[in-house]
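Q: Residue numbers (the numbering used here): 3 to 740.
Backbone N, C-alpha and C define an ideal beta-carbon position, used for all residues, glycine too.
The following block contains the structure, expressed as structure tokens.
As structure tokens, then:
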């Protein structure tokens with residue numbers, strides 16, 4: 003498969019015209035999609051979903067360095083950012099470098115996001131020019147790749163939005179299919195060869211430190227292709243040569259993940275692994291062929307986008323946008339038709355090698371992309387940590403655009419074909435931009451500025467009232483990350499808007515720096531306030547939903563704390579001082595008593611319901627029991643604790659269930675739970691220090707697994723509690739979220 007080299011004898015303009023046009027058109031397409039003229043420095047692209055989390059990471063890079071914890075959140079500890087790494091060090095370094103020009107995380111985030119568009123267009127243009135694609139179609143493919151559907155909304159996942167490394171990954175895949183190592187070079191002269199090798203290694207490292215998802219996707223396509231090449235005529239020397247670039251790519255990823263894991267391991271786990279995945283997640287977040295080829299949900303013609311939304315809602319699709327756009331679909335169909343037709347006619351040798359490679363790579367990518375496909379099999383047999391297989395759409399779209407560019411280039415072989423190539427490329431760029439972008443989905447910069455200003459004004463009032471450097475306890479207590487509670491992003495935005503305050507919210511759920519808060523006695527407001535005052539919090543900020551979540555606590559706080567010291571203009575947030583509570587505590591128990599109380603508050607006993615899921619119904623929330631349910635106990639006290647464990651179980655719609663608790667050398671009496679009847683199951687246990695568990699055992703075994711698909715056929719936990727014999731010990735429970 004020959005590669006195309008730009009003739010060196012032509013003028014400099016001839017060589018730069020394509021890249022310049024690619025960058026300009028990509029910037030114009032991005033500008034109209036995002037309405038960039040409405041953005042101002044300091045304006046967030048978004049304050050919902052994962053956008054505040056991304057801004058928090060960037061603020062940490064700017065304020066404390068790329069590998070430091072962030073004391074802004076998780077007080078009295080810090081947010082351990084080691085949990086956030088997915089082999090994306092290259093982007094972390096770039097964002098840190100951008101901090102030289104602006105120290106505002108929202109500005110740095112927006113600037114890098116804007117830059118991902120022309121950078122992605124340029125690398126795609128480079129890839130096209132390597133493989134027989136003429137200049138104008140290469141511009142077309144580069145521009146449309148940078149504007150692939152959904153990219154304009156990808157800023158909450160900024161590292162994944164940096165598509166510019168993906169063409170390098172495609173280059174590795176194509177060269178592997180050719181049986182050629184990407185570390186080989188045709189350059190002549192020692193200095194040119196050395197420069198070529200440096201560039202090749204840097205591109206491999208860029209993939210490896212771009213994101214673990216793109217490394218994994220490169221491997222699941224390139225490795226099978228390399229193996230397929232060995233079936234008819236094994237050549238172990240070739241296999242070794244093809245493996246070396248993959249190792250150069252993977253090693254930086256593994257080093258990055260190992261360093262991040264070492265940082266994360268400083269946190270004591272209180273239950274399941276944070277950011278843990280299951281094979282069920284992998285299938286749920288896989289893609290569908292329908293979403294790949296149909297208009298994306300944000301399509302500018304609302305009727306078409308709504309059809310895709312309706313399909314996803316009715317089929318239970320929970321993945322991300324995975325449409326590739328009309329031009330890429332045409333390229334994908336074209337390559338598959340050409341290869342399929344040639345295969346059936348026995349004329350496969352006549353197919354252009356690039357098109358043959360792209361067809362094989364596309365089929366492999368689709369096999370991993372789709373629900374119930376090779377991605378699900380990988381999650382079930384190997385590892386479920388690559389959860390969102392639908393993100394392979396980007397590789398599939400790239401292959402389709404590269405094929406489309408090649409097909410358009412073939413028009414140039416006809417008489418007068420050059421004009422046709424330019425005309426068709428121009429039409430495809432115009433139609434593709436209209437197809438793949440929608441200014442109606444641009445961020446609402448004005449609303450984001452106003453929201454941030456409201457939060458910043460409130461934070462300023464809190465800081466003026468309580469003093470700079472104050473640590474604030476936030477109520478209600480909300481887990482983070484990956485909880486189905488939209489409040490977490492609002493609380494993170496609240497913290498981001500502050501200058502010199504520290505917030506209790508934001509440590510990683512599943513670790514001691516976060517989960518100690520679950521042991522606070524929300525049903526005993528005076529005790530809760532004494533606990534957090536002992537920990538040297540100087541104030542409490544209450545968000546308005548506390549009234550629905552903990553009515554008693556919301557009612558008692560104003561009576562116990564007195565007048566608020568600050569209230570947000572929208573009345574959503576109210577701040578109180580803990581100065582008087584701290585003073586009463588000091589006079590009542592002294593410094594030794596305060597130390598004992600703070601130690602008890604930070605070292606509770608927690609119970610987490612496992613193997614169940616949350617369902618909200620008219621009658622309230624219940625937790626149907628799946629296969630193998632259990633209660634995970636986390637005893638942070640450092641010594642055995644005597645507990646009374648109790649669960650209230652609601653019977654299934656039909657049929658009785660016989661259940662008991664079993665574990666830690668104890669077994670509760672079996673309890674028969676009739677249909678739609680509530681029964682309590684309890685027992686006393688001695689919970690050892692650290693992690694332990696109790697099984698919720700169904701007498702008679704699991705039975706028919708198919709019944710787990712029917713929620714009404716399952717017994718459900720309605721509530722759970724643990725009560726230490728020693729009342730000085732804090733205890734709490736953690737139930738699944740919907």
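Check residue 732 in the structure and name its three-state DSSP category.
A: coil
Q: From the DSSP output, read off the bridge partner residues of residue 624.
A: Answer by DSSP bridge pairing, in chain order: 617.
Q: Locate the alpha helix (DSSP H) running through residue 235, then write down its first and last residues.
A: Premise fails: residue 235 is in no alpha helix (DSSP H) and is neither H nor E.
Q: Taking the beta strand (DSSP E) that residue 484 falls in, what are its first and last residues?
A: Careful: residue 484 lies outside any beta strand (DSSP E) and carries neither H nor E.
Q: Pop quiz: residue 450 and residue 160 are said to be a contact at Cβ under 8 angstroms. What is the actual Cβ separation, rounded to whole angstroms?
A: Contact flag wrong, Cβ pair sits at about 16 angstroms.
Q: Compare the Cα-Cα distances from residue 682 to each of 553, 204, 673 and report the closest residue.
A: It is 673 whose Cα lies nearest to the Cα of residue 682.
Q: Taking the alpha helix (DSSP H) that residue 475 belongs to, which residues open and close that run?
A: For residue 475, there is no enclosing alpha helix (DSSP H); the residue is found in the beta strand (DSSP E) stretching over 473 to 477.
Q: Please return the same chain residues whose Cβ sits closer than 6 angstroms to the Cβ of residue 9, not counting the five positions on each side in sequence.
A: With a pLDDT of only 47 at residue 9, under the threshold of 50, the placement of this residue in the model should not be trusted; the figure read from the coordinates follows. Nothing meets the Cβ criterion.
Q: Determine contact between the region 682 to 694 and the region 636 to 643, defined as no fewer than three beta-carbon pairs at a distance below 8 angstroms.
A: yes
Q: With a Cβ-Cβ cutoff of 9 angstroms, do residue 464 and residue 535 count as a contact?
A: no
Q: Go ahead and pull the three-state DSSP assignment for residue 407.
A: Three-state DSSP puts residue 407 in a helix.
Q: In its own chain, which residues sit with a C-beta less than 7 angstroms from the C-beta of residue 438, not counting the 5 before and 5 after it?
A: Once the five neighbours on either side are set aside, the close Cβ partners of residue 438 are 146, 149, 150, 151, 327.
Q: Please classify residue 644 as buried or exposed, where buried requires at least 16 neighbouring CB atoms within 10 angstroms.
A: exposed
Q: Helix, strand or coil for residue 577 per DSSP?
A: strand
Q: Between residue 655 and residue 678, which are expected to be in contact by the criterion C-beta below 8 angstroms, what is the C-beta distance as a whole number of angstroms?
A: Indeed they touch by this definition, with Cβ atoms about 7 angstroms apart.
Q: If you reduce the DSSP assignment to three classes, tell me which class residue 296 lands in.
A: coil
Q: Taking buried to mean at least 16 other C-beta atoms within 10 Å of its own C-beta, is residue 486 buried or exposed?
A: Label assigned to residue 486: exposed.
Q: Rounded to whole angstroms, what's the CA-CA distance from residue 424 to residue 431? Just pull it up for me.
A: 11 angstroms
Q: Verify whether the separation of the beta carbon atoms of residue 214 and residue 202 is less than 9 angstroms.
A: no
Q: Kindly indicate which three-state DSSP category residue 668 falls into: helix, strand or coil?
A: strand
Q: Would you kindly work out how many angstroms separate the C-alpha atoms of residue 737 and residue 403, rounded to a whole number?
A: Rounded to whole angstroms, the separation of the alpha carbons of residue 403 and residue 737 is 46 angstroms.
Q: For residue 384, name the three-state secondary structure that DSSP assigns.
A: coil
Q: Might you give, ordered along the chain, the residues of its own chain that have their beta carbon closer than 8 angstroms to the beta carbon of residue 563, omitting 5 neighbours on each side?
A: 531, 542, 578, 579, 580, 582, 583
Q: Output the boundary residues of the alpha helix (DSSP H) element that contains residue 126.
A: 107 to 132
Q: With three or more C-beta pairs closer than 8 angstroms as the rule, is the region 174 to 182 touching the region 69 to 79?
A: no
Q: Helix, strand or coil: which one does DSSP assign to residue 11?
A: Per-residue confidence for residue 11 stands at a pLDDT of 45, beneath the threshold of 50, marking its modelled position as unreliable; the derived number appears in the next sentence. Residue state, collapsed to three classes: coil.
Q: Considering residue 527, what are the terminal residues of the alpha helix (DSSP H) in which it resides?
A: 527 to 536
Q: Residue 142 by DSSP, collapsed to three states: which one?
A: Three-state DSSP puts residue 142 in a helix.
Q: According to DSSP, is residue 681 part of a helix, a strand, or is it coil?
A: strand
Q: Give me the Cα-Cα distance between residue 545 and residue 374, rounded to the nearest whole angstrom.
A: 42 angstroms
Q: How would you call residue 20, buried or exposed, if buried means at least 16 neighbouring beta carbons within 10 angstroms?
A: In the assembly as shown, residue 20 is a buried residue. Its beta-carbon has 16 or more other beta-carbons within 10 Å.
Q: For residue 697, does the three-state DSSP call read helix, strand or coil?
A: strand
Q: Using a Cβ-Cβ cutoff of less than 8 angstroms, which residues in the same chain neighbour residue 174 once the five nearest sequence positions on both sides are dropped?
A: 184, 206, 209, 220, 224, 247, 248, 251.
Q: Give a yes or no on contact between the region 76 to 88 and the region 506 to 520, applying the rule of three or more CB pairs nearer than 8 angstroms.
A: yes
Q: Can you tell me whether residue 727 is buried or exposed, with buried defined as 16 or more other CB within 10 angstroms of its CB?
A: exposed
Q: Grab the span of the beta strand (DSSP E) containing residue 210 for me, first residue to last.
A: Membership of residue 210 in any beta strand (DSSP E) is not indicated; the residue belongs instead to the alpha helix (DSSP H) covering 192 to 210.
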